[in-house]
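Structure, as structure tokens:
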């Protein structure tokens with residue numbers, strides 16, 4: 001099992017869960033699995049080409065998956081994945 | 093540079109800095125010699141300005157175009173009830189000068205934009221970004237990169253806080269990551285609700301803005317290790333903190349391998365452009381009525397249906413007696429809409445209701461659907477001033 005941490009702004013689209021544990025071999029698989037459990041997250045994580053949105057970063061432990069193999073980065077038992085969306089405060 | 097000296101009063105005032113061995117009078121002199129620009133006097137700007145002023149930063153520039161509003165006071169601890177309606181930079185200067193008369197303030201009562209940002213930011217050593225919107229975030233970042241200034245960053249939303257020190261110059265002369273290395277583009281407008289729609293826990297900007305002030309002081313004095321090349325994340329709901337490593341993005345248009353951007357751009361366009369690929373009709377025209385027209389309809393006893401698409405907790409704060417159907421449930425309640433009558437859709441500011449009208453225009457055969465322009469805020473401003481503006 002791996003754990004995905006849901007940031008506070010996205011929890012309302014994930015039944016207010018702070019984290020979700022699931023089985024996945026890669027980062028891509030983990031995010032797909034997450035959005036199949038919580039479909040309301042999908043538009044916040046994927047763009048219209050099914051790529052991870054550019055204002056959303058995925059970290060494996062402390063490391064940006066961009067510095068590894070991106071969403072193809074393989075996961076091992078106990079890995080922790082964090083989703084970090086851009087937030088600006090106040091007005092849009 | 094002329095030698096920096098302190099009066100007896102200043103030495104007494106700053107004595108708790110002076111007796112920290114790593115800080116001492118050398119650190120205090122660097123603070124007094126420093127020029128810091130604080131962009132935004134909101135929730136983050138309040139603690140930033142209070143602590144930087146108390147700490148004895150020599151010159152502080154303050155940028156804000158807004159006036160103090162009642163709804164600011166829950167988190168913007170720089171202001172008092174008596175300040176409501178005053179320009180924020182003026183109220184801030186008065187409060188801060190009373191706190192520390194040894195600090196000079198330079199006020200910029202304006203909207204920071206691509207035509208004035210380079211000129212203003214070039215006059216300062218360090219920038220602290222306490223703004224509340226994506227276009228200004230990217231503007232401040234890009235100007236700091238182009239002018240080689242450190243950008244001390246913090247951002248908040250509801251229970252979430254983020255902080256970092258961008259574009260920091262390391263001892264070997266290399267520059268640390270900037271905002272565009274972290275987030276190459278902003279979210280499409282409408283995807284993330286604004287604080288005004290989403291709310292912010294009042295004390296959170298106090299915590300994050302204080303951390304920002306701490307980083308500004310560290311950057312100026314060289315004490316400790318700044319939060320450069322790292323992103324600090326704070327979950328105030330669960331009290332969880334995490335630090336992530338930030339790296340340079342080779343595709344960064346300013347500092348990447350093939351830089352394409354040499355000057356500031358149109359940031360409103362840049363941030364709004366993100367939506368075009370999602371929906372080309374995002375800015376499409378929908379039928380609207382003003383609050384005055386709505387008032388007229390009510391006075392004349394016209395038959396129509398008023399649908400409030402806000403959340404139940406917003407409806408509890410103030411409502412106009414409409415039927416509550418939150419935005420994301422509207423399609424499930426199509427049968428509740430009466431096709432024979434005119435239908436007015438309302439929300440807080442008119443944005444969500446605009447989206448709902450457009451959605452109904454596209455996905456249903458309902459004809460007479462109107463967006464209430466300006467929402468319940470406009471109603472509270474123009475028609476019934478006894479209602480709260482939240």
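Protein chains in written order, with my numbering: chain A, 1 to 92; chain B, 93 to 482.
Note that beta-carbon positions come from the ideal geometry of N, C-alpha and C, so glycine has one too.
From a predicted model like this one, the values you see are computed outputs, not experimental measurements.
For the options B:197, B:364, B:168 and B:234, the alpha carbon positioned closest to that of residue 151 (chain B) is the one of B:197. Residue 67 (chain A) reaches chain B at 337 and 339, counting residues in chain order whose Cβ is nearer than 9 Å.
Residue 435 (chain B) is positioned such that its CB atom lies closer than 7 Å to that of residue 461 (chain B).
The contact set of residue 249 (chain B) on chain A, defined by CB atoms closer than 8 Å, consists of 8, 9, 87, 88 and 89 in chain order. At least 7 Å separates the beta-carbon of residue 339 (chain B) from that of residue 62 (chain A).
Around the Cβ of residue 202 (chain B), a 10 Å sphere holds fewer than 16 other Cβ atoms; the residue is exposed. Annotated three-state conformation of residue 139 (chain B) is helix, per DSSP. Contacts with chain A at 7 Å (Cβ-Cβ) include residue 225 (chain B). DSSP, read as helix, strand or coil, puts residue 276 (chain B) in coil.
Burial is judged here by how many other beta carbons sit within 10 angstroms of a residue's own beta carbon; residue 153 (chain B) has at least 16 and is buried. Taking 7 Å as the CB threshold, residue 54 (chain A) lines the interface with chain B. Counting of Cβ neighbours within 10 angstroms places residue 431 (chain B) among the exposed residues, the total staying below 16.
Relative to residue 437 (chain B), the option among B:381, B:350 and B:454 whose CA is nearest is B:381. Setting aside the 5 residues that flank it on each side, residue 35 (chain A) is surrounded in the same chain by 41, 42, 45 and 46, each with a C-beta closer than 8 Å to its C-beta; the list follows chain order.
In this structure, the alpha-carbon of residue 405 (chain B) lies about 29 Å from that of residue 333 (chain B). Between the alpha carbons of residue 342 (chain B) and residue 420 (chain B) lies a distance of about 39 Å. Exclusion of the five residues before and after residue 247 (chain B) leaves 254 as the residues of its chain whose Cβ lies within less than 6 Å of its Cβ.
Annotation: residue 478 (chain B) to residue 54 (chain A) spans about 44 Å, alpha carbon to alpha carbon. Inclusion of residue 242 (chain B) and residue 271 (chain B) in the CB contact set at 7 Å is not warranted, their separation being larger than that value.
In the three-state reduction of the DSSP assignment, residue 3 (chain A) falls in the strand class, which pools E and B. Collapsing the DSSP output to three states places residue 325 (chain B) in a strand. In this structure, B:314 is the residue among B:446, B:314, B:429 and B:327 with its C-alpha nearest to the C-alpha of residue 121 (chain B). Short of 8 Å from the beta carbon of residue 1 (chain A), and not among the five residues preceding or following it, lie these beta carbons of its own chain, in chain order: 21, 22, 23, 77 and 78. Beyond the five residues adjoining it in sequence on each side, residue 184 (chain B) comes within less than 7 Å, by CB distance, of 133, 141, 154 and 170 in the same chain, given in chain order.
Counting of Cβ neighbours within 10 angstroms places residue 307 (chain B) among the buried residues, the total reaching 16 or more. Assigned with DSSP and collapsed to three states, residue 60 (chain A) falls in strand.
DSSP places residue 198 (chain B) in the strand class (E or B) of the three-state scheme. Interface annotation, residue 46 (chain A): not in contact with chain B, CB-CB separation never under 7 Å. One alpha carbon belongs to residue 305 (chain B), the other to residue 124 (chain B), and they sit about 15 Å apart. Rounded to the nearest angstrom, the gap between the Cα atoms of residue 383 (chain B) and residue 159 (chain B) is 24 Å. Interface criterion not met: the Cβ of residue 158 (chain B) is under 7 Å from no Cβ in chain A.
Pairing residue 190 (chain B) with residue 146 (chain B), the inter-Cα distance amounts to about 10 Å. Considering only B:358, B:466, B:245 and B:465, the residue with the shortest C-alpha distance to residue 137 (chain B) is B:245. The Cβ atoms of residue 249 (chain B) and residue 363 (chain B) do not sit closer than 7 Å to each other.
Ranking B:106, B:429 and B:174 by CA distance to the CA of residue 458 (chain B) puts B:429 first. Cβ neighbours of residue 470 (chain B) within its own chain (closer than 6 Å, five residues either side excluded): 383.
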